[in-house]
Amino acid sequence: MIKFFFKYKVIFYFINVCLIFLYLFPGSIFGCIFLDDCKRQPQITPDLAIISSNHFYAFLIISIVGFFTYSKKKKDLKILIIYLILSSILLEILHLIIPERSFQWSDLFGNLLAVIVVIFIHNLIYKYGVFKK
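Residues in the sequence shown are numbered consecutively from 7, following my numbering.
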């Protein structure tokens, strides 16, 4: 599976473009489609305390795909980690200026927690040699 993502980096790029489009769209595309209300965001699961579950799931998926895609080289992995953290912060900050969107700390915490969880799991897997031969 890792070879699949490494070979087809276009999957990671496509998911990034989709995520950026959804983040920068004024309103909610999914709300328009599923709820007939472009101002309301559908919830996948209830939020977890101070963490937005939707944002957690979105950045969890993009982080997992990114780590599968760039797990071969340490230099690429460092750039990926910086990219994921900066994009999770910058995309949420942009909600301050996008109409029909608002900055929320719970969204930012959800973004960052997902990236941190994937980094932590990746480090555990490679520390204990699950993928080593």
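Just so it is clear, CB atoms sit at the ideal spot from N, CA and C, and this is done for glycine as well.
* Asked: Which value, in whole angstroms, describes the spacing of the CA atoms of Tyr14 and Lys78?
  -> Straight-line Cα distance between these residues: approximately 13 angstroms.
* Asked: Which class does Ile57 belong to by DSSP, given the choice of helix, strand or coil?
  -> Strand, per DSSP.
* Asked: Since Ser59 and Lys45 are thought to touch, with beta carbons under 8 angstroms apart, how far apart are those beta carbons, to the nearest angstrom?
  -> Ser59 to Lys45, Cβ: 19 angstroms. No contact.
* Asked: Considering only the beta carbon of each residue, do Ser94 and Asn117 sit closer than 8 angstroms?
  -> Result yes, Cβ atoms of Ser94 and Asn117 sit closer than 8 angstroms.
* To do: Report the three-state DSSP secondary structure of Gly72 (helix, strand or coil).
  => In the structure shown, Gly72 sits in a helix (DSSP, three-state: H, G or I).
* Can you tell which of Asp42, Cys38, Leu97 and Leu92 has its C-alpha closest to the C-alpha of Ile122? -> Nearest C-alpha to Ile122 among Asp42, Cys38, Leu97 and Leu92: Leu92.
* Asked: Touch check for the segment 104-115 and the segment 20-32: three-plus C-beta pairs under 8 angstroms?
  -> Result yes; three or more Cβ-Cβ pairs closer than 8 angstroms.
* How close, in whole Å, do the beta carbons of Leu25 and Ile68 come, if the pair is a contact with beta carbons under 8 angstroms? -> Yes, they are in contact, since the Cβ atoms of Leu25 and Ile68 sit about 6 angstroms apart, within 8 angstroms.
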